Amino acid sequence: MNLSDYQNEFDNLISKQSYSAVSQPSRKDTFSKFLDSGLPTRKWENWRHTDLSFLNKNNFRITEPGDASGGSIDVSNYEIANTFTVIIINGHYLTINSDLPKELTVSTNSNGENWTPKNKKDTPFELLNASLSDSTITITTEPNASIQKPIHILFLCTGNDDLMINPQVNIDISHSSSATIIEQYVSNTSSFFQNTSVFASIEKNASLNHVRIHSNSDQTANISGLHVTQSDDSTYNYFQLVDGGALQRSDIYTDLKGKNATCYLSGLALLDKKQHSATYIISDHIMPNCVSSQNFKSVLNGSASGVFNGRTIVREDSQKTDSKQSNKNLLLSDQALMNSNPQLEIYADDVKCAHGSTTGALDKEALFYMQSRGINKKEATSLLIRGFVSELINDIKNEDVKDYLFEKFDNWLLNNNQ
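What follows is the structure in structure tokens.
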């Protein structure tokens with residue numbers, strides 16, 4: 016698609032009667048900014064390792080409410096035990112699997128009426144999302160609520176058309192509340208472009224455990240922006256698993272705006288063939304006595320490629336900050352490629368900050384030792400890879416979610432350790 020194609024899709028969208036005069040001016044202004052910026056190219060510093068030709072060579076149609084049909088994907092393959100499951104098909108709400116507790120509200124808007132999409136950073140894809148989004152899901156907890164079962168938002172892309180999907184997710188965790196939210200993205204063999212924006216607000220003394228799973232087909236591009244704002248004494252635990260998709264990119268922004276806030280970000284990319292996954296992070300320490308960490312790993316096979324660019328900003332008033340960054344990557348083939356760039360930007364003097372990055376192949380000495388003890392090479396390789404990734408998955412607090420993630424890892428390993 017070129018910019019004129021996006022213009023045509025935008026014109027078709029706002030011509031619908033369901034889009035009120037309230038949202039149209041904002042959408043038009045936002046889309047004008049998108050046209051001015053254009054899509055990123057490799058000349059842009061934050062995009063120089065990511066090839067967007069997949070988007071350029073496909074003509075995508077914006078999804079409509081009528082596209083929310085059952086499709087050809089068996090939902091049971093992606094069920095996680097003991098969760099509230101919200102099913103979104105082709106960007107539009109379909110159903111929820113059970114009644115929700117009174118302390119939890121899940122609301123949807125599937126046709127854009129009287130609703131203006133959010134936009135925070137004016138990046139090209141966020142501008143595109145705010146211009147074209149015609150559906151949103153909002154999850155809200157009441158104050159002092161403890162939501163025991165995770166909320167599983169299952170985004171399914173299915174059908175024969177090449178679709179562009181621009182959902183927004185709003186998460187509001189009220190003060191002294193806690194919840195676990197899982198986003199999962201799944202697609203069949205058709206070409207899809209998922210462009211998602213997620214906005215999370217964690218109020219005072221509240222906590223959110225947030226898991227993202229990207230399991231799309233090799234004909235899917237998924238670009239997502241995540242914006243998290245934390246208040247005093249709040250806790251945010253984030254984990255992402257990427258085990259599918261032609262192109263996947265996560266832009267993560269965390270603003271620690273409250274004192275004593277804690278933010279743990281982690282992720283695992285399991286890539287093969289020509290898959291590409293990129294993670295860009297900005298953790299902004301605005302107030303003192305906050306803790307943050309970034310712990311990301313990749314296992315790359317075939318001609319897969321990955322990017323990790325993690326940046327931590329420690330503002331002048333953010334004394335007593337404790338921040339760590341770690342990026343470790345395992346290359347299973349000579350053709351695999353990883354670009355890693357952890358960064359610290361420190362303006363305060365009373366802080367503890369550290370970062371590190373390593374990329375390499377399996378330890379040959381460890382393989383030799385295990386084989387000398389009667390373990391065949393295939394099993395030894397599996398044990399070493401499992402040891403490499405287990406630390407991250409074991410940190411997941413919910414046992415059902417943890418089991419599901421290990422199952423996905425085992426399936427990937429089975430296909431990539433022949």
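Here the sequence shown is numbered in my numbering, starting from 16 and rising by one per residue. C-beta: ideal position from N, C-alpha, C; glycine also. Every value quoted in this text rests on a predicted model; they were computed, and no experiment measured them.
N-terminal and C-terminal residue of the alpha helix (DSSP H) that residue i is part of
i           : result
residue 398 : 392 to 409
residue 192 : Run containing residue 192: none; DSSP gives neither H nor E here.
residue 385 : 379 to 387
residue 423 : 414 to 431
residue 246 : Unbroken run through residue 246: none, as it is neither H nor E.
residue 334 : Segment: none, residue 334 is in no alpha helix (DSSP H) and carries neither H nor E.
residue 26  : 18 to 29
residue 68  : 68 to 71
Bounding residues of the beta strand (DSSP E) (the contiguous stretch that carries residue i)
i           : result
residue 255 : 250 to 257
residue 208 : 207 to 217
residue 49  : Unbroken run through residue 49 is the alpha helix (DSSP H), 39 to 52; no beta strand (DSSP E).
residue 359 : 358 to 361
residue 309 : 306 to 315
residue 282 : 277 to 286
residue 226 : 222 to 230
residue 302 : Run containing residue 302: none; DSSP gives neither H nor E here.
residue 369 : 367 to 375
residue 75  : Where residue 75 is concerned, there is no enclosing beta strand (DSSP E), given that its DSSP letter is neither H nor E.
residue 352 : 352 to 355
Minimum C-alpha distance to residue i - residue among the options
i           : options               : result
residue 260 : 276, 209 and 266      : 209
residue 289 : 58, 24, 69 and 29     : 69
residue 90  : 172, 27, 148 and 60   : 172
residue 341 : 358, 333, 348 and 350 : 358
residue 408 : 391, 276, 280 and 353 : 280
residue 199 : 381, 166, 316 and 177 : 166
residue 95  : 191, 396 and 168      : 168
residue 309 : 333, 350, 356 and 142 : 356
residue 48  : 333, 135, 164 and 116 : 135
residue 403 : 420, 332, 283 and 174 : 283
residue 224 : 186, 122, 236 and 211 : 186
residue 397 : 338, 365 and 314      : 314
residue 367 : 304, 401 and 326      : 304
residue 378 : 395, 292, 370 and 369 : 395
residue 115 : 83, 352 and 98        : 98
residue 295 : 365, 266 and 274      : 266
residue 196 : 302, 317, 142 and 100 : 100
residue 429 : 325, 316 and 306      : 316
residue 268 : 427, 244, 249 and 306 : 244
residue 372 : 82, 80, 345 and 390   : 345
residue 218 : 251, 211, 236 and 110 : 251
residue 436 : 83, 211 and 264       : Because the chain in this structure spans residues 16 to 433, residue 436 falls outside the shown range and cannot be described.
Inter-residue Cα distance where the pair is residue i and residue j
i           : j           : result
residue 161 : residue 189 : 10 Å
residue 77  : residue 206 : 13 Å
residue 138 : residue 53  : 10 Å
residue 148 : residue 106 : 9 Å
residue 277 : residue 330 : 16 Å
residue 42  : residue 146 : 5 Å
residue 239 : residue 388 : 45 Å
residue 202 : residue 232 : 6 Å
residue 66  : residue 27  : 28 Å
residue 291 : residue 338 : 28 Å
residue 300 : residue 241 : 17 Å
residue 321 : residue 353 : 5 Å
residue 287 : residue 335 : 41 Å
residue 257 : residue 229 : 5 Å
residue 234 : residue 249 : 38 Å
residue 364 : residue 272 : 19 Å
residue 370 : residue 61  : 19 Å
residue 74  : residue 262 : 16 Å
residue 222 : residue 253 : 11 Å
residue 435 : residue 350 : The structure shown has nothing for residue 435, since the chain only spans 16 to 433.
residue 274 : residue 302 : 5 Å
Neighbour-count burial assignment, residue i, 16 or more Cβ in a 10 Å radius
i           : result
residue 386 : exposed
residue 414 : exposed
residue 21  : buried
residue 182 : buried
residue 384 : exposed
residue 362 : exposed
residue 132 : buried
residue 44  : exposed
residue 392 : exposed
residue 120 : exposed
residue 406 : exposed
residue 19  : exposed
residue 113 : exposed
residue 312 : buried
residue 151 : buried
residue 63  : exposed
residue 427 : buried
- Item | 3-residue-minimum beta strand (DSSP E) runs that sit fully inside the segment 158 to 188, ordered along the chain | 166 to 172, 178 to 180 and 183 to 188
- Which ranges would you report for the beta strand (DSSP E) in the segment 92 to 151 if only whole runs of at least 3 residues count? 99 to 104, 107 to 111 and 119 to 124
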